[in-house]
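Residue numbers (this note's numbering): 71 to 470.
Just so it is clear, CB atoms sit at the ideal spot from N, CA and C, and this is done for glycine as well.
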């Protein structure tokens, strides 16, 4: 292929011509990456402080993950779930070994993992008099299937797809009393993010999640944590629930579980796991050999001790730098929030946030705007001190 046919302009033109226009894409086409760095088709280097929507927690082209993918692809790419698979068994074992769970259902994405959680909750409630309702929270985001947009507490996500699947109600995030008041005889579960990512990197009060645990125990309900964004080291521990003092009955994972490959998982404690028996749920490509081998390698790196410790140190450096930046630009920038390397920087307006993100991109830094006016900063866990300082410097220029 000629340089003209493979350059950024050509890639953009083909994409705009042939792919459904469902994304507001930045006008840049990336062709390779390494760690926290990306290069576009014209050779320009960027720092990725977005981790491809929090999917590449170990950075781009991590050698251990790449090696696992290549070795597995050379042996066996896919196998039906009507047979046993070695990578699938290893992944499930690791997830159970490092969590509260007894059983794992493997799938391809976060929305599918949340669908499996919903089906487990419905089955659990069916055995208890037909209870079916799941309480979620305002500002939440749980996926793009019809069930999961119904579960999502953001009207903009649901708009135009009405009528919604019944069985969901939305409660203010961080408010245990409001959640307790919302419980009805038909309520069977609470689905909540330990930190709201798409909702603006919102961290709840310390007693919120333990309070939900107490409610679920008292009312024989399932507590379900959507850790699609917060899982796999993003908040400084392998899973965010480890910092809350309580464990859920169900946890969903995806995004960074395969460090960029499409793999999701629903993890379940005994009483939730028993709700799904033979024939209750399935996924043709769930448990795929190559994606599961990548996930095993990802978890091995994350649990070796050094990566999570490094992420916590990087978080401290980021927080210090972002707070200093906000102090220099008080008219435009506000509070820093989040945990680990899932950080949000408040801005005065949506226009301010999008302007900063656009100017940062021009200077070679990828950021994301969420909840209209919050800059979401989520670099790979392996980001270096030099890359942090470089990114902060670019962000300071973009904010000036």
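C-alpha distance - residue i paired with residue j, whole-angstrom precision
i, j, result
"residue 137", "residue 162", "20 Å"
"residue 350", "residue 196", "13 Å"
"residue 210", "residue 261", "9 Å"
"residue 433", "residue 456", "16 Å"
"residue 71", "residue 329", "Legend: pLDDT at residue 71 = 39, less than 50; position of this residue unreliable, value from coordinates given subsequently. Looking at the two C-alpha atoms, the distance is approximately 29 Å."
"residue 101", "residue 108", "8 Å"
"residue 466", "residue 395", "6 Å"
"residue 146", "residue 359", "7 Å"
"residue 257", "residue 115", "51 Å"
"residue 345", "residue 193", "5 Å"
"residue 201", "residue 304", "34 Å"
"residue 421", "residue 442", "8 Å"
"residue 206", "residue 239", "6 Å"
"residue 167", "residue 176", "16 Å"
Supposed contact pair residue j and residue i - C-beta distance, whole angstroms, cut 8 Å
i, j, result
"residue 110", "residue 98", "5 Å"
"residue 171", "residue 327", "Their Cβ separation, rounded to whole angstroms, is 14 Å, which puts residue 171 and residue 327 out of contact at 8 Å."
"residue 204", "residue 190", "Not really, about 11 Å apart at Cβ, beyond 8 Å."
"residue 402", "residue 418", "5 Å"
"residue 237", "residue 213", "Contact flag wrong, Cβ pair sits at about 15 Å."
"residue 217", "residue 235", "5 Å"
Contact check, residue i vs residue j, beta carbons under 8 Å
i, j, result
"residue 241", "residue 252", "yes"
"residue 308", "residue 372", "yes"
"residue 306", "residue 375", "no"
"residue 416", "residue 425", "no"
"residue 333", "residue 352", "no"
"residue 474", "residue 464", "Lying outside 71 to 470, the shown extent of the chain, residue 474 is not represented and no answer is given."
"residue 282", "residue 320", "no"
"residue 323", "residue 297", "yes"
"residue 369", "residue 164", "yes"
"residue 367", "residue 135", "yes"
"residue 362", "residue 91", "no"
"residue 222", "residue 228", "yes"
Own chain, CB closer than 6 Å to residue i, minus 5 neighbours either side, in chain order
i, result
"residue 73", "Confidence at residue 73 is low in this model, with a pLDDT of 42, below 50, so the placement of that residue should be treated as unreliable; the coordinate-derived value is given next. The answer is none, since no qualifying residue turns up."
"residue 461", "117, 119 and 435"
Residues near residue i in its chain [Cβ-Cβ closer than 8 Å; skip 5 each side]
i, result
"residue 477", "No statement about residue 477 is possible, as the shown extent of the chain runs from 71 to 470 and does not include it."
"residue 311", "170, 264, 279, 295, 297, 317, 318 and 321"
"residue 437", "119, 120, 426, 427, 430, 431, 445, 446, 447 and 465"
"residue 377", "128, 303, 371, 451 and 452"
Cutoff 7 Å; reference residue i; Cβ partners in own chain excluding five residues on either side
i, result
"residue 244", "274, 275 and 278"
Task: Inter-stretch contact at 8 Å, needing at least 3 Cβ pairs: the stretch 370-387 / the stretch 447-465 - done: yes
Open item on the list: Whether or not the stretch 136-154 and the stretch 181-201 are in contact is what I'm after, with contact meaning three or more pairs of Cβ atoms, one per stretch, closer than 8 Å; do they touch?
Closed with: no
- [ ] Could you tell me whether the stretch 333-347 touches the stretch 122-138, using the rule of 3 or more Cβ pairs below 8 Å?
- [x] no
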